[in-house]
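Going by our numbering, the residue at position 217 of the sequence shown is 610; the numbering climbs one at a time, nothing skipped.
Cβ coordinates follow ideal geometry from the N, Cα and C atoms, glycine included.
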Amino acid sequence: MPEEPRENISGGEDGSVEVAFAPGEAGTRAEAVVDELGGLYWQKTYGGKDAFESLVRTILSQNTSDVASQPAHDALMERYDSGSEDLAVALAEAEQSELAETISSAGLYNQKSEMIVGAAERVREEYGGREEFDAFVREGDPDAVREALLDIHGVGPKTADCVLLFAGGRDGVFPVDTHVHRIARRMGLAPADADHETVREHLEADVPGPKCGFGHTAMIQFGREYCTARKPACLDGPEACPLYDLCDRVGVDEVEEAVVDPADAAAE
Ligand code: SF4
């Protein structure tokens, strides 16, 4: 079984715990898919990470690979997380141009530095600092936490759900990124024309809570290795994809070797 790659996870490598899910009959096709991914990849539950740092990390990783955003994260932590001062306070008071330069390897650094300073100001004003914010994310009502996160400028549903998952360790949160969005609709686990929120609702309804976090991270890896946007593995034949028997292949024409977005296939 391959090692869980460091760059695989939006939330980094900390705070995860290896688990072995008890084998059994999957109640839904989505659960069967996640169980199959468990045979291919790692099985972990998530949670326990610092919520404010997760938020910063997730903003840094927006529209870029984790490989590119990791050095930016490391540079930011080295410069602003001195240990003596609260990271949220330090970032709220940061010179934006200096922060932008520090995180330049992540791309879109002007925009991201603005979002990070704004988020830090918000956390300082509303919660007092990172520890209080962490406690709120860990212990607060999940819907209230999600709403509060979405209210921060630059935080969309995926960022909010990643913070809930990696910091709060909430069972039943299945963040939907571009890979999950594509694969769930191609496989027929959600309607072909579903937006990110609708895909999330379907997956969270069909996959048992403890398997959602793992399902999210493993599905991203599966999207990179097998079910890529332009050339899904099944174009090389059924045996090339380990999930072939569980998949509707919406928008995938194996005869013509052509691929369209599932929403476009459904509209035809
Ligand atoms: S059968 Fe094709 S479309 Fe379905 S999961 Fe596998 S690679 Fe993706």
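In angstroms, rounded to a whole number, what distance separates the CA positions of residue 648 and residue 574?
24 angstroms
DSSP beta-bridge partners for residue 646?
Beta-bridge pairing links residue 646 to 651.
Alpha carbons only, please: which of 461, 460 and 483 is nearest the one belonging to residue 471?
483
Applying the criterion that 16 or more other CB atoms from any shown protein chain within 10 Å of the CB defines a buried residue, is residue 623 buried or exposed?
exposed
Own chain residues within Cβ distance below 6 angstroms of residue 395, not counting five before or after:
Here residue 395 scores only 37 on pLDDT, less than 50, and its place in the model should not be relied on; the value that follows carries that caveat. Excluding sequence neighbours, residue 395 sits near nothing in its chain.
By the three-class DSSP mapping on this structure, what secondary structure does residue 637 have?
helix
Can residue 450 be considered in contact with the ligand SF4, in the sense that its beta carbon sits closer than 7 angstroms to one or more heavy atoms?
no
Secondary structure of residue 501, DSSP reduced to three states
coil
Assumed close pair residue 423, residue 596 - CB separation to whole angstroms, cut-off 8 angstroms
6 angstroms
Between the region 530-544 and the region 492-501, do three or more beta carbon pairs fall short of 8 angstroms?
no
Environment of residue 460 [buried if 16+ CB atoms lie within 10 Å]:
exposed
Go ahead and label residue 487 buried or exposed: buried means 16 or more other beta carbons lie within 10 angstroms of its beta carbon, across all protein chains shown.
buried
When you measure from the CB of residue 626 to every non-hydrogen atom of the ligand SF4, does any distance come out below 7 angstroms?
yes
So what's residue 742 in DSSP terms, helix, strand or just coil?
The requested residue 742 does not occur in the structure, where the chain is confined to residues 394 to 661.
Could you tell me the distance, in whole angstroms, from the CA atom of residue 400 to the CA atom of residue 551?
Reliability fails at residue 400, whose pLDDT of 35 lies under 50, so the model's placement of it is uncertain and the value that follows must be treated cautiously. Taking the straight line from one Cα to the other gives about 17 angstroms.
Option in 586, 512 and 587 with minimal Cα separation from residue 392
Within the shown structure, residues of the chain are numbered from 394 to 661, placing residue 392 beyond reach of any answer.
Give the C-beta separation of residue 527 and residue 615 to the nearest angstrom, bearing in mind that I take them to be a contact with Cβ-Cβ under 8 angstroms.
For a cut-off of 8 angstroms, the C-beta gap from residue 527 to residue 615 is around 31 angstroms, too long to register as a contact.
Meets three-Cβ-pair contact criterion under 8 angstroms: the region 586-602 and the region 561-577:
yes
Would you decide whether residue 631 is buried or exposed? Buried here means 16 or more other CB atoms lie within 10 Å of its CB.
Burial call: exposed.
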